[in-house]
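**Student:** Residue numbers for the sequence shown follow numbering that gives the first Met the number 0, so the first one is 0 and each next one is one higher. Have a look at this one.
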Amino acid sequence: MQTSILNQLAVAAPAGAPPVWVQYLPFAAMALIFWFLIMRPQMKQQKDHKAKLSALKKGDEVLTGGGLIGKIVKVDENYAEVEIAQGIKVKALKSTITDVIPPAGSKPAND
0 MQTSILNQLA
10 VAAPAGAPPV
20 WVQYLPFAAM
30 ALIFWFLIMR
40 PQMKQQKDHK
50 AKLSALKKGD
60 EVLTGGGLIG
70 KIVKVDENYA
80 EVEIAQGIKV
90 KALKSTITDV
100 IPPAGSKPAN
110 D
């Protein structure tokens, strides 16, 4: 005997009460709101960061997760060699690079 879950829930509910599945609507709405307000923007931000890291090239000025600012000297698949002062180079994981600093002569984004 095949019956749908909605029919079973409707039968289990006392007479005059709304179906049980209606009680789950607020939880579904909260999950949807959580998705659109938190998860989706975070995934977009991660995607943008990944695109920035894949576009790194020699000469870019970057900010690392440790707060060091320097110029990229060499880039490979997982690492970037960053010159933080003249003659001082450090090897950093590409994933620890938090931002690419635009050149000083470029226009601000809001102008």
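C-beta: ideal position from N, C-alpha, C; glycine also.
#1: Confirm, please, whether the CB-CB distance from K90 to L52 is below 8 Å.
#2: What is the DSSP secondary structure of A84, reduced to helix, strand or coil?
#3: Could you check what DSSP says for K51 in three-state terms: helix, strand or coil?
#4: Bridge partners of G69, per DSSP?
#5: Specify the secondary structure class of K56 as computed by DSSP and reduced to three states.
#6: With contact counted as at least three CB pairs below 8 Å, one residue from each stretch, are the stretch 67–77 and the stretch 27–35 in contact?
#7: Helix, strand or coil, according to DSSP, for A79 in the structure here?
#8: Taking the C-alpha atoms as reference points, what is the distance between Q44 and D98?
#9: Where does the unbroken alpha helix (DSSP H) through I32 begin, and where does it stop?
#10: Would you mind reading off the limits of the beta strand (DSSP E) that contains I96?
#11: Does any CB atom of chain C fall closer than 8 Å to the CB of S3?
**Tutor:** Here's the rundown:
#1: no
#2: strand
#3: helix
#4: V61
#5: coil
#6: no
#7: strand
#8: 12 Å
#9: 24–33
#10: 96–100
#11: Annotation note: the requested chain C is absent from the structure, which comprises a single protein chain.
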